[in-house]
Amino acid sequence: MSKIVFITGASKGFGKIWAEALLKRGDKVAASARNISALADLKSAYGDSILEVKLDVNSREDVFSAVKKIKDHFGRIDVVINNAGFGLFGTTEETSEQQARDQMETNFFGSLWVAQAVLPIMREQKSGHIIQVSSFLGLTTLPLLGLYNASKFAVEGLIETIGSETAHLGIKTTLIEPNGFATDWAGASAVQTSSEITDYNPVRAAFAESGDNPDTWGKPEATVEPVLNIIDSENPPKRILFGRIAYQVINDVYTKRLEDIQNWKQVSIAAHGH
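Under the numbering used here, the first residue of the sequence shown is numbered 4, with each subsequent residue one higher.
Okay, structure coming up:
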């Protein structure tokens, strides 16, 4: 049976690649983007199987209107892939108030509005799957991405909580945590802080050097089968890392965290007081 899948941020990158893969195999897709002209090729190829939805996830009202439109058009929503977001590059000190608020508005609040809008439909259906594109930087951090890291840490807590609140209703949640991929996330879609404090130049240089190796960046098309497997699974993962770098880094990070927890076990227990 074909699924009805709502994908945000579907004009390019992961969102568009996954939308096309779903359409190709016979699913119905509601694809949202701020610029729906970028979806014209999919509309031409797949006709009524795709519903283009003009949407900026920063507007809670618009998100709820878009979800109602999708429900009215297709009759249900089986899967949401919450993919809208962008990266803000620059040190924490260099980040302006507006840049910080914009980063959280899209990456965190946009995800919250989408979840709140689809949950009533999924509760009524007694089924649904919220797939949130997070990042391995929702589990660890990199310099020059402080507000992005923070937004993804917040998204991780949000979606994990929703999963615990709705499991008894037949609603599943999955956090996809990619490392860097060769999309335009770090290119045209990225935002840079406007000021540059020279004391941070060594950090900038090290960061730039770390991204010079093309093997660091995953191939976006390689994510298609993993995403389809997650959508089709009866028991999808709560979290899944995408990419060799993400796996290696997070495995190392959690090994070290567990060591620290054990090394400070007695202090932790003593802090309880009884």
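Just so you know, even glycine gets a beta-carbon here, dropped at the ideal spot from N, CA and C. For clarity, every value in this text was computed on a predicted model and none was experimentally measured.
CA nearest to the CA of residue i, picked from the options
| i | options | result |
| --- | --- | --- |
| residue 203 | 17, 183, 92 | 92 |
| residue 131 | 64, 177, 200 | 177 |
| residue 114 | 139, 87, 128, 140 | 87 |
| residue 238 | 170, 250, 260 | 170 |
| residue 56 | 14, 28, 30 | 14 |
DSSP state of residue i mapped onto helix, strand, coil
| i | result |
| --- | --- |
| residue 217 | helix |
| residue 19 | helix |
| residue 141 | helix |
| residue 270 | helix |
| residue 146 | coil |
| residue 126 | helix |
| residue 62 | coil |
For residue j and residue i, believed in contact at Cβ under 8 Å, the rounded distance
| i | j | result |
| --- | --- | --- |
| residue 21 | residue 60 | So it is not a contact: roughly 17 Å between Cβ atoms. |
| residue 26 | residue 42 | Going by Cβ atoms, the distance from residue 26 to residue 42 rounds to 11 Å, so no, they are not a contact pair. |
| residue 134 | residue 179 | 6 Å |
| residue 69 | residue 58 | 5 Å |
| residue 6 | residue 82 | 6 Å |
| residue 111 | residue 36 | That pair is no contact at about 19 Å. |
8 Å Cβ cutoff met for residue i and residue j
| i | j | result |
| --- | --- | --- |
| residue 94 | residue 147 | yes |
| residue 109 | residue 150 | no |
| residue 138 | residue 155 | yes |
| residue 182 | residue 246 | yes |
| residue 73 | residue 9 | yes |
| residue 229 | residue 185 | no |
| residue 174 | residue 124 | no |
| residue 16 | residue 187 | yes |
| residue 227 | residue 34 | no |
| residue 89 | residue 194 | yes |
| residue 129 | residue 172 | yes |
| residue 200 | residue 96 | yes |
Entirely within the segment 241 to 270 and at least 3 residues each: give me those beta strand (DSSP E) ranges in chain order.
242 to 245
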